[in-house]
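Following: one structure in structure tokens, then a few remarks.
There are 2 protein chains.
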Amino acid sequence: VQKQNLAELQCLLDKLHPADIAYVLEALPLEDRLLIWNMVKAEHDGEVLLEASDAIRETLITDMGNTELVAAAEQLDADEIADLAPDLPQDVLEDVLWALPITEREQLRAAMSFPEDAVGALMDFDVITIREDVRLEVVLRYLRRLDELPDHTDQLFVVDRDEHLKGVLLVSRLLVSDPETQVAAVMTKEMVKLHPNDNAQQATYAFERYDLVSASVVDVDDKLLGRVTVNAVIDFIREKAENEALNLAGLSEEEDLFAPVLKSVKNRWFWLAVNLVTAFIASRVIGVFEDSIEKLVALAALMPIIAGIGGNSGNQTITMIVRALALGQINTDSAWKLIAKELGVSAVNGLMWGGIVGLFTFIIYQNASLGLVMTAAMILNLLLAALLGVLIPLTLSKCGRDPAIGSSVMITAVTDSGGFFIFLGLATIFLL
Amino acid sequence: VQKQNLAELQCLLDKLHPADIAYVLEALPLEDRLLIWNMVKAEHDGEVLLEASDAIRETLITDMGNTELVAAAEQLDADEIADLAPDLPQDVLEDVLWALPITEREQLRAAMSFPEDAVGALMDFDVITIREDVRLEVVLRYLRRLDELPDHTDQLFVVDRDEHLKGVLLVSRLLVSDPETQVAAVMTKEMVKLHPNDNAQQATYAFERYDLVSASVVDVDDKLLGRVTVNAVIDFIREKAENEALNLAGLSEEEDLFAPVLKSVKNRWFWLAVNLVTAFIASRVIGVFEDSIEKLVALAALMPIIAGIGGNSGNQTITMIVRALALGQINTDSAWKLIAKELGVSAVNGLMWGGIVGLFTFIIYQNASLGLVMTAAMILNLLLAALLGVLIPLTLSKCGRDPAIGSSVMITAVTDSGGFFIFLGLATIFLL
Chain X
1 VQKQNLAELQ CLLDKLHPAD IAYVLEALPL EDRLLIWNMV KAEHDGEVLL EASDAIRETL
61 ITDMGNTELV AAAEQLDADE IADLAPDLPQ DVLEDVLWAL PITEREQLRA AMSFPEDAVG
121 ALMDFDVITI REDVRLEVVL RYLRRLDELP DHTDQLFVVD RDEHLKGVLL VSRLLVSDPE
181 TQVAAVMTKE MVKLHPNDNA QQATYAFERY DLVSASVVDV DDKLLGRVTV NAVIDFIREK
241 AENEALNLAG LSEEEDLFAP VLKSVKNRWF WLAVNLVTAF IASRVIGVFE DSIEKLVALA
301 ALMPIIAGIG GNSGNQTITM IVRALALGQI NTDSAWKLIA KELGVSAVNG LMWGGIVGLF
361 TFIIYQNASL GLVMTAAMIL NLLLAALLGV LIPLTLSKCG RDPAIGSSVM ITAVTDSGGF
421 FIFLGLATIF LL
Chain F
433 VQKQNLAELQ CLLDKLHPAD IAYVLEALPL EDRLLIWNMV KAEHDGEVLL EASDAIRETL
493 ITDMGNTELV AAAEQLDADE IADLAPDLPQ DVLEDVLWAL PITEREQLRA AMSFPEDAVG
553 ALMDFDVITI REDVRLEVVL RYLRRLDELP DHTDQLFVVD RDEHLKGVLL VSRLLVSDPE
613 TQVAAVMTKE MVKLHPNDNA QQATYAFERY DLVSASVVDV DDKLLGRVTV NAVIDFIREK
673 AENEALNLAG LSEEEDLFAP VLKSVKNRWF WLAVNLVTAF IASRVIGVFE DSIEKLVALA
733 ALMPIIAGIG GNSGNQTITM IVRALALGQI NTDSAWKLIA KELGVSAVNG LMWGGIVGLF
793 TFIIYQNASL GLVMTAAMIL NLLLAALLGV LIPLTLSKCG RDPAIGSSVM ITAVTDSGGF
853 FIFLGLATIF LL
């Protein structure tokens, strides 16, 4: 960033949407990022922090003083502050809490109390409530007295005196109906009601399936607590998909592209360590058969093929099963059907690819029995991969754990060690 | 499904939302699925087909006669028929085309002409347009004459006589403003305008960043063509994330959980074949060093560790880079910074894990030089993984290809063959 352009830059920044500022900051190396961050208008600070990804937000917050942070947080709604809360220093958070009016303070406390994957964490409190015994005309006049409607207001919530949800009045119905009609006559009584402790993932399916823009959140007595809007749902879907991709690749969490080396090492060490342990086990399995390899050194060159294809095939099965579990498509009855099907797929693949591999082995090493052992080992390892590709995610899910996390590492560990064991074992028995 | 319960089931089905029916169908084995499908009311057929996933939709369409299919398609809007079109038999599609009124036929042709990842493919034509020189009162009266508003109508599009987009009137502004105001006075002129050939992925970022419910689609002359709504965007995001996960695991496309074995084999053979080729190459690399392995058989047991950790670390780097590329956070300038950083991370990891692995090797085999070779090979393979982990996706992206597809397979191929070569080569030079 050239100094003489700073004024121009300032002018440009002032015109940008907070989300765009966050985007620019994410693409900049640390030094430039902080330079730009200090040029952002203070009244945008809160919004930018909210829009930035976790890793970037951390670098920005570290750069700010406590007073600045409190000022930034105070520009936000209670549910938004709750999103920032985990990254804020404790004393800043307390200052913010005490500066809030009492209702908002209660809302913030409530929002902070939900785990990240509960509906409560996606909820906001910007609801417009109306009564069912008034005419639409009155509703329209009531709305006109407001300066603006909350974002994503596609429905008004119809509640009774005690805030119990009776129905919703869709804005689109409000607009096409005769103003003399009563709310009760045009409101919808069948609507999606979420509970704050519901699983957020399930709620996102409801949004996808019913094409919702917003949905009510009620407590056990049907009392209206707030709403979830589609933008929170999109953010959740995106974050979930990204975390899955990161975990699969062995990254613990989202990483700042320009994070210092040591910080990145910290983010990546866990899965590398897990991988190291499983690789050591596989190595010891091979170690058991060192005598066989010494006698027939071709085994050393061939064994990675068996392990590799097994891992690939097992991961295919696991991906199918994890997805079906997430969508709730698997029950005990279908589990057996699935195992049978996956074993069938593996048998076909094993005969086909095992046959080809066996043939090539025979051609290269001029050894027919070695070719047959390759074919047999391939088939067995693929069957092992299919069986455990179904059982690992099902078991994780039965134990109440997320079947997506770590199951790919586990299946690879099994198909590596298992593949080496099957192949070297068969070779020892039949060839030596 | 028990026969005596069929009547009850029918009753239940009639009450279900089409999306829920599609969901139920997806979780059923083929036979039960077709039984239920035949019980679904004909007037829901189109909607259910639209909501079902590609693999399931295919099985349902195969089960239907041409007349049924035409009838089902005719219940849908032009943009919805376009979504089904790739799965419909050619003659059904033509019958549907000719049965449509001329404007819808043109819309369907237009919608079908866009590639799947263009904004045009997400677009629908349900826009309400108004003029800027009328009072809000008139707009409200105009809306009241409609039976219902299109789903996701959060804004009305303000156009001139030639359909050029002048601005948008947010429904929330319409509701809070004085009915005597002119549209021109309250409409928003700064709005998101998409073009039908824009990349759909970029459009989804706009929806996320600006929390949109709908956005206009205009041609080069700013003429309004249609709109994109948030539900289409969510479906696109979900599908994109799923395809990525499937490709990474070596599945070509979404698969029906209960697909026949041979159909599943077809879906999975491609990546298994690719994997087989790379495994063969790695095997030949080992083959070159058979003499060395014969002399020191411990090499065979240790080599998978070097290859495995390299693959894991390379995949970590690739995942970071692919994500940053998708978000447009990388330019030529930052590419060098990234390579330097990733090399740094690899050097630290290599020293740390390589040191541990070297130590264990020394303890197990009582051979200090073997331990040192392990450490050196680990460091070198991790550096190779870092370098290519940045270069592979950057090169794919420069060549205009999707960096997500296949890059994980490529890095694993490099770190396998490269790892074997580095380790066995070092061992041959220094130990034998």
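Chains as they are written, first to last, in my numbering: chain X, 1 to 432; chain F, 433 to 864. Every residue, glycine too, gets a C-beta built ideally from N, C-alpha and C.
With contact defined as three or more Cβ pairs closer than 8 Å, the segment 445-453 of chain F and the segment 671-684 of chain F are not in contact. For the pair of segments examined, the segment 847-859 of chain F was found to touch the segment 700-714 of chain F: the number of CB pairs separated by less than 8 Å reaches three. Annotation: the continuous alpha helix (DSSP H) that includes Ser346 (chain X) extends over 332-365.
By the criterion of at least three beta-carbon pairs nearer than 8 Å, the segment 348-360 of chain X is not in contact with the segment 387-407 of chain X. Under the DSSP assignment, Ser216 (chain X) falls in the beta strand (DSSP E) whose first and last residues are 214-218. Using a Cβ-Cβ cut-off of 8 Å, Asn197 (chain X) is close to nothing in chain F; its nearest Cβ partner there is about 23 Å away.
Scanning the segment 564-593 of chain F for uninterrupted beta strand (DSSP E) segments of 3 residues or longer gives 587-591, listed from N- to C-terminal end. The beta-carbon distance between Val645 (chain F) and Asp586 (chain F), rounded to whole angstroms, is 4 Å. This is short enough to meet the 8 Å contact definition. Cβ proximity to chain X below 9 Å picks out Ala779, Val780, Asn781, Met784, Trp785, Ile788, Val789, Phe792, Ile796 from the segment 778-797 of chain F. For Lys830 (chain F), there are no C-beta contacts with chain X under 9 Å, since the nearest C-beta of that chain is about 18 Å from it.
When Cβ-Cβ separations below 8 Å define contact, Gln748 (chain F) makes contact with chain X.
Ile128 (chain X) carries a coil assignment under DSSP once its states are collapsed to helix, strand and coil.
As a beta-bridge residue in DSSP terms, Gly167 (chain X) pairs with X:Val158.
In the assembly as shown, Ser545 (chain F) is an exposed residue. Its beta-carbon has fewer than 16 other beta-carbons within 10 Å. Counting other Cβ atoms within 10 Å of its Cβ, Ile534 (chain F) stays below 16 and is therefore classed as exposed. Cβ-Cβ distances below 7 Å link Asn813 (chain F) to Ile738, Gly742, Thr847, Gly850, Gly851, Ile854 in the same chain, with the five nearest sequence neighbours on each side left out; the list follows chain order. Fewer than three Cβ pairs drawn from the segment 237-246 of chain X and the segment 25-39 of chain X lie within less than 8 Å of each other, which leaves the two stretches out of contact. Val662 (chain F) and His596 (chain F) do not touch by the CB rule: their CB atoms are close to 25 Å apart, not below 8 Å.
Contact residues of the segment 20-43 of chain X toward chain F are Asp20, Tyr23, Glu26, Ala27, Pro29 (C-beta to C-beta distance below 8 Å). Linking His195 (chain X) to Leu791 (chain F) through their CA atoms gives a straight-line distance of about 54 Å.
Apart from the 5 residues on each side of it in sequence, Glu26 (chain X) sits with its Cβ closer than 7 Å to the Cβ of Ala52, Ser53, Ile56 in its chain, given in chain order. Beta-bridge partners of Ala550 (chain F) (DSSP): F:Asn631. Boundaries cannot be given for Gly832 (chain F), as no beta strand (DSSP E) includes it and DSSP labels it neither H nor E.
Of the residues X:Met64, X:Gln90, X:Ala110, X:Thr62, the one whose Cα lies closest to the Cα of Glu80 (chain X) is X:Ala110.
The continuous stretches of alpha helix (DSSP H) do not include Thr661 (chain F), which lies in the beta strand (DSSP E) extending over residues 656-661. Across the structure, Leu100 (chain X) and Ala273 (chain X) are spaced so that their CA atoms are roughly 45 Å apart. Thr62 (chain X) is positioned such that its CB atom lies no closer than 8 Å to that of Asp256 (chain X).
Between the C-alpha atoms of Ala503 (chain F) and Glu475 (chain F) there is a straight-line separation of about 8 Å. If you check the CB distance, Leu174 (chain X) and Val134 (chain X) do not come in under 8 Å. Remark: C-beta atoms of Leu50 (chain X) and Leu88 (chain X) do not approach each other more closely than 8 Å. Lys621 (chain F) sits in coil when the DSSP states are folded into three classes, being neither helix nor strand.
Around the beta carbon of Pro518 (chain F), a 10 Å sphere encloses fewer than 16 other beta carbons of the protein chains shown; the residue is thus reported as exposed. With 16 or more other Cβ atoms inside 10 Å of its own Cβ, Gly821 (chain F) counts as buried. Gln201 (chain X) has a beta carbon lying at 8 Å or more from every beta carbon in chain F. DSSP places Gln614 (chain F) in the strand class (E or B) of the three-state scheme. Residue pairing from DSSP leaves Leu426 (chain X) without any beta-bridge partner.
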